[in-house]
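Here's the structure we're looking at; comments come further down.
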Amino acid sequence: MAKREPLRVAFTHIPRRAWAGGYNYQRNLFEALHRYRPGEVRPVLFAGKNDDAAEIAALGQIPGVEIFQSRAFDRAGHGLVSALAFGIDRPAVAEFRAHQIDIVFESARFFGWRLPFPAIAWFPDFQHRLLPNLFSRQAYWRRDLGFRAQIASGRHIMLSSVSALGDLTRFYPGVTNGVSVVRFATEPPSDSLTTDAFDIVARYGLPQRFLYLPNQFWRHKNHQLVIDALGLLKQRGVDAVVAASGSTHDPREPEYFHNAMRDVAARGLGTNFRHLGMIPLDHVYALLRTSVALINPSQCEGWSTTVEEAKSFGSPMILSNIPVHREQTEEAARYFAANDAEALANHMSEVLEQAGPVVVRDLQARVGERVRAFAIHFIDTIQLAILSQAAAVSTGR
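Per our numbering, the very first residue in the sequence shown carries number 1017; after that it's consecutive.
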């Protein structure tokens, strides 16, 4: 395939309600490519007809991004069946051809081993292997077979951490695919930082000193441990407040959020654990910039978006002691075992006691450097995948 500039890379829309981290990942990537490598890559986002118009419009406002909507991308389940049974998701491939795609970025969707384009398979994490108890048998095998199909199809695999690379080699030994570790970074756009942060804190009725937990309500995100830690603090006479935001929708366990909030009410923690719902990104940044610390108690992450955003502002962090958190923060955080509510409570209490005057944090000096590296490594990965495909075609493999 003759190289042309810019390379047209196909992405599929990730609804924020379904996976806020995935949505933010692509948004950050598109902005990083425009800011630091303009004109080299053209993100072409394919969305379904039923996808949220406001979400798609926000991505379309990023310079260089093209948006196309098609019913071919409303049928992810049927597309996977077709890709596995016949080797190709024909409706999706027809759209890729019509819009002159050079390479496909596969995220939680397999387009078939006969896909006539180079492709990168992004494996954000291996949660189904690390926490199989959280998956139904059908969901486990659907995810695992998808990974195995992408590996067997010779996809270039993209991971977000060295920790995930270790998981890949442990769970899928003998992989000979090209593999790249591309650590993402985030640089919030300047217009999202103009909101008055103290006004947002007041709007949600939060005290000046609060801790922030911006994770979706999925069981592996481990909100229950934070509720248990707040219960311990209440027994000690410590009146800590945790503001939580994010989607409450988990198709694997629809009642999880409601059960958690019933527990909050039963233990008299309604003023201590406050769920704000799905809030605008500028509000998320405002709370990150003013909170005493970010909490991420997750049992599994690929490369945490919330941690990366906290790093961008230099926010203190209290994190579960999983390998990727230590890798991501380079030991510059407080850590606790993901099942140790007492250790978390101790960290929360100490951070609140030691907190200085309330301030609104600015972006850190090295943010641009990290985001530039993210954009460069992503483009390098695209080029490796294209060269690998061309070599395979020339040798008849």
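We put the beta carbon where it would ideally sit given N, CA and C, even for glycine.
Distance check between residue 1226 and each of 1033, 1036 and 1373 places 1373 closest, using alpha-carbon atoms only.
Apart from the 5 residues on each side of it in sequence, residue 1033 sits with its Cβ closer than 8 Å to the Cβ of 1068, 1263, 1265 and 1294 in its chain, given in chain order.
In terms of CA proximity to residue 1155, 1124 leads the group 1131, 1129, 1124 and 1087. Judged by DSSP secondary structure, residue 1274 falls within the alpha helix (DSSP H) whose first and last residues are 1272-1282. In this structure residue 1278 is exposed. Its beta-carbon is surrounded by fewer than 16 other beta-carbon atoms within 10 angstroms. Beta-bridge annotation (DSSP): residue 1085 is paired with 1063. Per DSSP, the unbroken beta strand (DSSP E) holding residue 1138 starts and ends at 1135-1138.
Going by DSSP, residue 1044 is part of the alpha helix (DSSP H) stretching over 1036-1052. Beta-bridge pairing by DSSP links residue 1228 to 1259 and 1310.
The Cβ atoms of residue 1172 and residue 1193 lie closer than 8 Å to each other. A straight-line Cα-Cα distance of about 10 Å links residue 1087 and residue 1062. Close CB contacts of residue 1245 within its chain, under the 7 Å cut and outside five residues either way in sequence, are with 1357, 1360, 1361 and 1364 (chain order). Around the beta carbon of residue 1237, 16 or more other beta carbons sit within 10 angstroms, so the residue counts as buried. For residue 1351, the enclosing beta strand (DSSP E) stretches over residues 1350-1352. The Cβ atoms of residue 1375 and residue 1203 do not sit closer than 8 Å to each other.
Scanning 1381, 1058, 1387 and 1037 for the CA closest to the CA of residue 1261 turns up 1037. The residue from 1315, 1329 and 1380 with its alpha-carbon nearest to that of residue 1145 is 1315. Secondary structure note for residue 1216: its alpha helix (DSSP H) is the uninterrupted segment 1213-1219.
For residue 1026, the secondary structure class from DSSP, reduced to helix, strand or coil, is strand. With respect to the C-alpha of residue 1214, the residue from 1049, 1064 and 1306 having the closest C-alpha is 1306. A distance below 8 Å separates the beta carbons of residue 1127 and residue 1120. Annotation: residue 1239 to residue 1285 spans about 13 Å, alpha carbon to alpha carbon. Bounds of any alpha helix (DSSP H) do not take in residue 1147, whose DSSP letter is neither H nor E. Under the 10 Å beta carbon count, residue 1319 is surrounded by 16 or more other beta carbons and is classified as buried. Residue 1024 and residue 1083 do not touch by the CB rule: their CB atoms are close to 13 Å apart, not below 8 Å. Listed in chain order, the non-local C-beta contacts of residue 1291 below 6 Å within the same chain comprise 1260, local neighbours out to five positions each way being set aside. Going by DSSP, residue 1290 is part of the beta strand (DSSP E) stretching over 1289-1291. DSSP, reduced to helix, strand and coil, places residue 1072 within a helical segment of the structure shown. For the set 1078, 1134, 1370 and 1335, the Cα lying nearest the Cα of residue 1113 is the one of 1134. In the DSSP assignment, residue 1200 falls outside any alpha helix (DSSP H), carrying neither H nor E. The closest CA to that of residue 1370, considering only 1335, 1325 and 1308, is found on 1308.
For residue 1366, the number of other beta carbons within 10 angstroms of its own is below 16, and it is reported as exposed.
The C-alpha of residue 1235 lies about 7 Å from the C-alpha of residue 1272.
Just measuring C-alpha positions, the residue of 1282, 1274, 1232 and 1280 sitting nearest residue 1311 is 1232. For the pair residue 1328 and residue 1379, the CB atoms are nearer than the 8 Å cut-off.
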